[in-house]
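*Asks:* To start, I am sharing the structure in question, which I have written as structure tokens.
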Amino acid sequence: PLHSKPQAVITFPGELLSAPSDVELAENYLLRFGYIQEAEVRRSSKHVSLAKALRRMQKQLGLEETGELDASTLEAMRAPRCGVPDVGG
Amino acid sequence: FLTFEGELKWDHMDLTYRVMNYSPDLDRAVIDDAFRRAFKVWSDVTPLTFTQIYSGEADIMIMFGSQEHGDGYPFDGKDGLLAHAFPPGSGIQGDAHFDDDEFWTLGTGLEVKTRYGNANGASCHFPFIFEGRSYSRCITEGRTDGMLWCATTASYDADKTYGFCPSELLYTNGGNSDGSPCVFPFIFDGASYDTCTTDGRSDGYRWCATTANFDQDKKYGFCPNRDTAVIGGNSQGDPCVFPFTFLGQSYSACTSQGRQDGKLWCATTSNYDTDKKWGFCPDRGYSIFLVAAHEFGHSLGLDHSSVREALMYPMYSYVQDFQLHEDDVQGIQYLYGRGSGPEPTPPAPLPTEEPQSIPTEAGSASTTEEEEEETPEPTAEPSPVDPSRDACMEKNFDAITEINGELHFFKNGKYWTHSSFWKSGTQGAFSIADTWPGLPAVIDAAFQDVLTKRVFFFAGRQFWVFSGKNAVGPRRIEKLGIGKEAGRITGALQRGRGKVLLFSGEHYWRLDVKVQTVDKGYPRDTDDVFTGVPLDARNVFLYQDKYHFCRDSFYWRMTPRYQVDRVGYIRYDLLQCP
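Taken in sequence, the protein lines are chains V and G. Read in the numbering used here, the first sequence has 31 at position 31, and its numbers run on one by one without any break. Read in the numbering used here, the second sequence has 131 at position 131, and its numbers run on one by one without any break.
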């Protein structure tokens, strides 16, 4: 049966009030797993360095190399995984 | 494969490991066994040996922890990071850490190993029938002592086999009480507690006193997780309380109400509206065996691989019948050389001891838990042939495709092969189930990926991917990006460069086999490109570089330039029946 009244959506205690944006998610991911260094981000324009790092990550993880934050790349970034960085020590 | 910079590796082959603590999600014996099998993955293909020690410093120290757990590389709560490990060396090097905010299982959901009863430590079977009712969790029904139990077969009414479920009233883990159960109420820091608590700890593990007064006796143990223990939320490890009240409504089961992500949750008190205590309900969880095998690869010196199917690929994916990928074998043998292969192991001894009843004195239990030994599989026998099924008598095959150079004709649980290369004619009938275990008897279509040689099977809206006898699936074809308009797949044409056309009705999709998703811009109309072939073909397949569309007893053959160059009889041309 259809719900008699619209479903309430609440924020559960302990949960983040707002999920990070896609770009924030990407930056954290690329930094954490070694695809980009802090200095690199500071030194060149964010867009350029992100695109380069994204391409490197897409190549490493066997994704289509677009350099863009496309759906499959975002899905990969949200997938459960090992904490050892992919690049570097 | 990749190794760490500087090719970090162990300078000895006989490695030791020690499990420092245990997740409350799984019975200790299940975790020990999973780690033993995870190490065996690597010892099977190298000269390495792994021995578990129970005190002192081992080469590989294994621990569960959450958030910041002492090494400066914090975990991140449920999902996300699952575990990490350090390359070979002394100290923390070589160690493996597992995020205990995850729900650890064997990959297929809750694993409740029982103790005592008469089931020899078998795991619960959910659902099970007791007095005519079906239960999918541990229950206290039928008992007056409030002990949680379950059946270890589908029906307690029929089989009468049962065991007791993890509960702090039955035993505790670790601490300093040799597994004694909790005593409630107990006094801690002057206050009285009648449930397990995380008070006094910063690591979030639930504990209790095993005497009435912790302040005085200092005796304690960690509480095992009950089957309904929640994950995450703000009361990790506490059991759901049913019924609970949420927004004025009563719930007697987990619900996704109030959430947009569809995840199931429950309250850990009887009233969420007033207490706001909650957590996620158990899901499939993560296989501690698979994650451990990956992390132990790091502990031995392997870095992440970019081969998606490899164990050392950084992302988790559940595989039922695990086999080490060639890329991983090459990597570990690059570091340590070959081994002599797996040691033969004796078949598991038959249980001879009588099952134990529950002890009267806490802690004096002696269990008869049997260590399951893996019996080696006999080398594969050629599939038995059923001569009574003659392919030439069959009509309307379920599916036809070329696998390893031979045409395969599938029909209702059986299949025949016909090789144009070997003049042996049509072979079979063979059993589909023997060759591809787990496949349904009736399939709709199949194709072999040219690059990986894996075979994709389709039945209804489900598909399987086989590497040899190992299957991933069934999965829904939605995962490939094929919408509901495709009731069934009728055939497939391999197009090279990892692309395969999948046909359904009068449309076709182009599948990128590597990423297992269909390309944008599909489906397209079949007769836009393939003019002159039947739009309601029952089978579509590639054979000898030409496209074949079958309907009834005929086939239409089309060249790669989309010209129909032949219409013939399946029986006489393809099967070459007399």
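Note that CB positions come from ideal geometry on N, CA and C, so glycine has one too. All values derive from a computational prediction rather than experimental measurement.
In the structure shown, what three-state DSSP assignment does Leu302 of chain G receive?
*Replies:* Here residue 302 of chain G is taken as the residue at index 302 of the second sequence, counted from 1. Here Leu302 of chain G sits in strand by DSSP.
*Asks:* Sort G:Ala293, G:Thr108, G:Ser306 by Cα distance to Leu324 of chain G and report the nearest one.
*Replies:* The residue you call residue 324 of chain G lines up with position 324 of the second sequence. With distances taken between Cα atoms, Leu324 of chain G lies closest to G:Ala293.
*Asks:* How far does the alpha helix (DSSP H) with Phe214 of chain G in it extend, from its first residue to its last?
*Replies:* For this step, residue 214 of chain G is matched to residue 214 along the second sequence. First-last of the alpha helix (DSSP H) with Phe214 of chain G: 214-217.
*Asks:* Enumerate in chain order the residues of its own chain whose CB-to-CB distance from Lys263 of chain G is below 7 Å, with the five nearest sequence positions on each side excluded.
*Replies:* Looking up residue 263 of chain G in the second sequence gives position 263. Within the same chain, Lys263 of chain G has close Cβ partners Ser256, Phe280.
*Asks:* Please list the partners that Ala83 of chain G has in chain V, where partner means a Cβ-to-Cβ separation under 8 Å.
*Replies:* In the second sequence, counting from the first residue as 1, residue 83 of chain G sits at position 83. Under the 8 Å cutoff, chain V gives Cys82, Gly83.
*Asks:* May I ask you to report which of helix, strand or coil DSSP gives His579 of chain G?
*Replies:* Nothing can be reported for residue 579 of chain G, as the shown portion of chain G is limited to 1 through 578.
*Asks:* Please report the distance separating the alpha-carbon of Gly221 of chain G from that of Trp207 of chain G.
*Replies:* Indexing the second sequence from 1 puts residue 221 of chain G at position 221. Indexing the second sequence from 1 puts residue 207 of chain G at position 207. C-alpha separation (whole angstroms): 6 Å.
*Asks:* Within its chain, find whatever has a CB closer than 6 Å to the CB of Gly585 of chain G; leave out the 5 residues flanking it on each side and keep chain order.
*Replies:* With chain G covering only 1 through 578, there is no way to say anything about residue 585 of chain G.
*Asks:* Do you know how far the Cα of Asp199 of chain G is from the Cα of Ser299 of chain G?
*Replies:* Against the second sequence, residue 299 of chain G aligns to sequence position 299. Against the second sequence, residue 199 of chain G aligns to sequence position 199. Rounded to the nearest angstrom, the two C-alpha atoms are 34 Å apart.
*Asks:* Helix, strand or coil for Gln52 of chain G, going by three-state DSSP, please let me know.
*Replies:* Taking the first residue of the second sequence as position 1, residue 52 of chain G is located at position 52. Strand.
*Asks:* Using 10 angstroms around the beta-carbon of Ile31 of chain G, count the other beta-carbons present and answer buried if the total reaches 16, otherwise exposed.
*Replies:* For the purposes of this step, residue 31 of chain G is taken as residue 31 along the second sequence, with counting starting at 1. Per the 10 Å Cβ criterion, buried.
*Asks:* Residues in its own chain within less than 7 Å of Asp100 of chain G by CB, not counting five upstream and five downstream?
*Replies:* Numbered from its first residue, the second sequence carries residue 100 of chain G at position 100. The answer, listed in chain order, is Ser23, Phe64, Gly65, Ser66.
*Asks:* For the stretch 71-89 of chain V against the stretch 148-162 of chain G, do three or more pairs of beta-carbon atoms, one drawn from each stretch, fall closer than 8 Å, so that the two count as touching?
*Replies:* No, because fewer than three Cβ pairs between the stretch 71-89 of chain V and the stretch 148-162 of chain G fall closer than 8 Å, the two stretches do not touch.
*Asks:* Between the Cα of Ala445 of chain G and the Cα atoms of G:Asp76, G:Phe430, G:Lys411, G:Thr452, which residue gives the shortest distance?
*Replies:* Within the second sequence, residue 445 of chain G is the residue found at index 445, counting from 1. Measuring from the Cα of Ala445 of chain G, the nearest candidate turns out to be G:Lys411.
*Asks:* In chain order, what residues of the stretch 258-274 of chain G put their CB closer than 8 Å to some CB of chain V?
*Replies:* Those residues of the stretch 258-274 of chain G that come within reach of chain V (Cβ to Cβ, closer than 8 Å) are Gly258, Arg259, Gln260, Trp265.
*Asks:* Pro20 of chain V to Leu30 of chain V, Cα distance in whole Å?
*Replies:* The residue labelled residue 20 of chain V in the question sits at position 20 within the first sequence. The residue labelled residue 30 of chain V in the question sits at position 30 within the first sequence. When rounded, the distance between both Cα atoms is 14 Å.
*Asks:* From G:Gly233, G:Val183, G:Asp217, pick the residue whose C-alpha is nearest to that of Gly204 of chain G; which is it?
*Replies:* One-based indexing of the second sequence puts residue 204 of chain G at position 204. Selected option, being the one with the closest Cα: G:Gly233.
*Asks:* Does the beta carbon of His304 of chain G sit closer than 7 Å to a beta carbon anywhere in chain V?
*Replies:* Locating residue 304 of chain G in the second sequence gives position 304, counting from the first residue. By this cut-off, His304 of chain G is an interface position.
*Asks:* So Phe447 of chain G is in the beta strand (DSSP E); what residue range does that whole segment cover?
*Replies:* Taking the first residue of the second sequence as position 1, residue 447 of chain G is located at position 447. Note, Phe447 of chain G: beta strand (DSSP E), 445-448.
*Asks:* For the 8 Å Cβ check, are there 3 or more pairs between the stretch 397-409 of chain G and the stretch 535-553 of chain G?
*Replies:* With the cut-off at 8 Å, the stretch 397-409 of chain G and the stretch 535-553 of chain G touch.
*Asks:* So is Met20 of chain G buried or exposed if we call it buried at 16+ other beta carbons inside 10 Å?
*Replies:* For this step, residue 20 of chain G is matched to residue 20 along the second sequence. Exposed, by the Cβ-count rule.
*Asks:* Contact defined as beta carbons within less than 8 Å: I believe Asp579 of chain G pairs with Asn225 of chain G. What is the distance between those atoms, to the nearest angstrom?
*Replies:* Outside the shown range of chain G, which is 1 to 578, sits residue 579 of chain G, and nothing can be said about it.
*Asks:* Please state whether the Cβ-Cβ distance between Phe503 of chain G and Gly491 of chain G is less than 7 Å.
*Replies:* The residue labelled residue 503 of chain G in the question sits at position 503 within the second sequence. The residue labelled residue 491 of chain G in the question sits at position 491 within the second sequence. The answer is yes: Cβ separation under 7 Å.
*Asks:* Quick one: grab the DSSP three-state call for Glu579 of chain G.
*Replies:* As displayed, chain G neither begins before 1 nor continues past 578, which places residue 579 of chain G out of reach and without an answer.
*Asks:* Any residues in the stretch 275-302 of chain G with a beta carbon nearer than 8 Å to a beta carbon of chain V? Which ones, in chain order?
*Replies:* If the cut-off is 8 Å between Cβ atoms, the stretch 275-302 of chain G has Lys276, Trp278, Tyr286, Val291, His294, Glu295, His298 near chain V.
*Asks:* Beta-carbon separation of Arg557 of chain G and Arg566 of chain G under 7 Å?
*Replies:* For this step, residue 557 of chain G is matched to residue 557 along the second sequence. For this step, residue 566 of chain G is matched to residue 566 along the second sequence. In this structure, Arg566 of chain G lies closer than 7 Å to Arg557 of chain G by Cβ.
*Asks:* Residues of chain G with CB closer than 9 Å to the CB of Gly67 of chain V, please, in chain order.
*Replies:* Start at 1 with the first residue of the first sequence, and residue 67 of chain V comes out as number 67. Those do not exist, as Gly67 of chain V stays about 16 Å from chain G at its closest Cβ, beyond 9 Å.
*Asks:* Exposed or buried, what is Leu247 of chain G when buried is set at 16 or more other beta-carbons lying within 10 Å of its beta-carbon?
*Replies:* As a first step, residue 247 of chain G must be located in the second sequence, where it is residue number 247. Under this definition Leu247 of chain G is an exposed residue.
*Asks:* Using 8 Å for Cβ pairs, my map puts Gly481 of chain G next to Val518 of chain G. What's the rounded Cβ distance?
*Replies:* One-based indexing of the second sequence puts residue 481 of chain G at position 481. One-based indexing of the second sequence puts residue 518 of chain G at position 518. Right, the Cβ-Cβ distance comes to about 4 Å (below 8 Å), so this counts as a contact.
*Asks:* Using a C-beta cutoff of 7 Å, does Pro239 of chain G count as contacting chain V?
*Replies:* Start at 1 with the first residue of the second sequence, and residue 239 of chain G comes out as number 239. No, Pro239 of chain G does not count as interfacial toward chain V.
*Asks:* Taking 7 Å as the threshold (C-beta atoms), are Tyr162 of chain G and Gly117 of chain G in contact?
*Replies:* Here residue 117 of chain G is taken as the residue at index 117 of the second sequence, counted from 1. Here residue 162 of chain G is taken as the residue at index 162 of the second sequence, counted from 1. It is a contact, given that the beta carbons lie within the stated cut-off.
*Asks:* May I ask you to report which of helix, strand or coil DSSP gives Glu141 of chain G?
*Replies:* Mapped onto the second sequence, residue 141 of chain G falls at position 141. DSSP places Glu141 of chain G in coil when its eight states are reduced to three.
*Asks:* State yes or no: is the beta carbon of Thr360 of chain G nearer than 7 Å to at least one beta carbon in chain V?
*Replies:* Start at 1 with the first residue of the second sequence, and residue 360 of chain G comes out as number 360. Because Thr360 of chain G sits at a pLDDT of 36, beneath the cut-off of 50, its placement in the model cannot be relied upon, and the following sentence gives the value as read from the coordinates. Answer no: the Cβ-Cβ gap between Thr360 of chain G and chain V never drops below 7 Å.
*Asks:* Taking the straight line between their C-alpha atoms, what separation do you get for Ala604 of chain G and Leu15 of chain G?
*Replies:* Nothing about residue 604 of chain G can be read from this structure; chain G reaches only from 1 to 578.
*Asks:* Cβ closer than 9 Å: which chain V residues qualify as neighbours of Tyr316 of chain G?
*Replies:* By one-based count along the second sequence, residue 316 of chain G stands at place 316. Chain V residues near Tyr316 of chain G: Ala79, Pro80, Arg81, Cys82.
*Asks:* State the CB to CB distance for the pair Gly337 of chain G and Pro47 of chain G, rounded to an integer number of angstroms; the pair is presumed to be in contact (CB under 8 Å).
*Replies:* Here residue 337 of chain G refers to the residue found at position 337 when the second sequence is read from its first residue. Here residue 47 of chain G refers to the residue found at position 47 when the second sequence is read from its first residue. Right, their Cβ atoms sit about 6 Å apart.
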